[in-house]
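Protein sequence lines, in the order shown, are assigned to chains F and U. Numbers 1 to 112, taken from the working numbering, label the letters of the first sequence in order. Numbers 1001 to 1120, taken from the working numbering, label the letters of the second sequence in order. Only one structure is covered here, and it is reproduced in the block below.
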Amino acid sequence: GEDVEQSLFLSVREGDSSVINCTYTDSSSTYLYWYKQEPGAGLQLLTYIFSNMDMKQDQRLTVLLNKKDKHLSLRIADTQTGDSAIYFCAERNDQAGTALIFGKGTTLSVSS
Amino acid sequence: GAVVSQHPSWVICKSGTSVKIECRSLDFQATTMFWYRQFPKQSLMLMATSNEGSKATYEQGVEKDKFLINHASLTLSTLTVTSAHPEDSSFYICSARKGTGGFEYYNEQFFGPGTRLTVL
């Protein structure tokens, strides 16, 4: 079945850039998403990318998609302490249905 | 727009009791709602997909009689955990989708804030 993998933990200093990586197995994925989850809270959609794109930039966030390698990354520029959270990568295959498949999440810790 | 609420946000109950969790789309009509379960430091696992007016589709390994889902209107879905036990303690998150499926972005899922269930 489909699988989404992420590294579990990333630690950066305030002001540095953070890069969170994700790999997925379903080559039919149509949309790929990044969600942010703060402690005890639900999920907040950060950004998404359609599978025919290879890059998307939205303010401090840059998403890169390498469809050949099935690799997705999220770069957060000028990381702030408020960016500390768990970041989930998710993929959706419209042909198979619309449920999201999530990775296990990457905990980003930002130190000042 | 696209706000999803859940109620309650936190519930503690005794083993053997039933708990109902509500998921509402506040400013849009949701043809489909999804229920996820999240264990501590774990990913979200899809439990079931519910379409308004029809029976929910449960994922493999999820007990239908244990987790009752009702999607009676386009803005409300409920998850009832029947005869709850301590192993049912978890964070339950719902999401709601505007569209009917397909390639449009508006088929994005909007997530509720989650309900933390603790069964004693």
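Think of the CB as a built atom: it goes at the ideal place given N, C-alpha and C, for glycine as much as any other residue. Quick caveat: nothing in here was measured; it's all calculated off a predicted structure.
Which of helix, strand or coil DSSP assigns to glutamate 1059 of chain U: It is coil, neither helix nor strand.
Helix, strand or coil at aspartate 58 of chain F [DSSP, three-state]: It is a strand residue.
Using a threshold of 8 Å, state whether the C-beta atoms of serine 109 of chain F and serine 29 of chain F are closer than that. No.
Within the stretch 11-94 of chain F, note down every full beta strand (DSSP E) run reaching 3 residues or more, in order along the chain. Taken in chain order, the complete beta strand (DSSP E) segments of 3 or more residues contained in the stretch 11-94 of chain F are 18-24, 31-37, 43-50, 55-58, 61-66, 71-76 and 85-92.
Can you name the residues of chain F whose CB is closer than 7 Å to the CB of glutamine 1109 of chain U? Per Cβ cutoff of 7 Å: Leu100.
Helix, strand or coil: which one does DSSP assign to serine 1009 of chain U? Reduced to three states, the DSSP call for serine 1009 of chain U is coil.
Give a yes or no on whether the C-beta atoms belonging to leucine 43 of chain F and phenylalanine 88 of chain F are separated by under 8 Å. Between leucine 43 of chain F and phenylalanine 88 of chain F, the C-beta spacing is below 8 Å.
In chain F, what lies closer than 7 Å to glutamine 955 of chain U by C-beta? Because chain U in this structure spans residues 1001 to 1120, residue 955 of chain U falls outside the shown range and cannot be described.
Neighbour-count burial assignment, methionine 53 of chain F, 16 or more Cβ in a 10 Å radius: The Cβ neighbour count for methionine 53 of chain F, taken over all protein chains shown within 10 Å, is under 16; the residue is labelled exposed.
Please confirm if leucine 118 of chain F has its CB atom under 8 Å from at least one CB of chain U. Since the first and last residues shown for chain F are 1 and 112, residue 118 of chain F lies out of range.
Nearest chain F C-beta to threonine 1075 of chain U closer than 8 Å, yes or no? Interface flag for threonine 1075 of chain U against chain F is unset, since no Cβ pair is found closer than 8 Å.
Using beta-carbon positions only, say whether phenylalanine 1091 of chain U and glutamine 1038 of chain U come within less than 8 Å of one another. Yes, the pair counts as a contact, with Cβ atoms nearer than the cut-off.
Can you tell me where the beta strand (DSSP E) holding serine 1083 of chain U begins and where it ends? Where serine 1083 of chain U is concerned, there is no enclosing beta strand (DSSP E), given that its DSSP letter is neither H nor E.
Alpha carbon to alpha carbon, how far is arginine 13 of chain F from glycine 1112 of chain U? Give it in angstroms, no decimals. Cα to Cα, glycine 1112 of chain U sits roughly 31 Å from arginine 13 of chain F.
Go ahead and pull the three-state DSSP assignment for glutamine 1042 of chain U. Note: glutamine 1042 of chain U maps to coil in three-state DSSP.
Identify whether threonine 107 of chain F lies in helix, strand or coil by the three-state DSSP scheme. Looking at threonine 107 of chain F - three-state DSSP - the assignment turns out to be strand.
Contact between the stretch 1013-1030 of chain U and the stretch 1053-1067 of chain U: three or more CB pairs below 8 Å? Fewer than three beta-carbon pairs drawn from the stretch 1013-1030 of chain U and the stretch 1053-1067 of chain U are found closer than 8 Å, and the two stretches are therefore not classed as touching.
Hey, could you find the ends of the beta strand (DSSP E) alanine 1096 of chain U is sitting in? For alanine 1096 of chain U, the uninterrupted beta strand (DSSP E) segment begins and ends at 1090-1097.
Which class does valine 1019 of chain U belong to by DSSP, given the choice of helix, strand or coil? Residue state, collapsed to three classes: strand.
Proximity test, Cβ basis, 8 Å: leucine 1117 of chain U and chain F: No, leucine 1117 of chain U lies away from the interface with chain F (no Cβ there is under 8 Å from its Cβ).
Over the uninterrupted beta strand (DSSP E) stretch that includes phenylalanine 1028 of chain U, give me the two end residues. Neither: phenylalanine 1028 of chain U is in no beta strand (DSSP E) and is coded neither H nor E.
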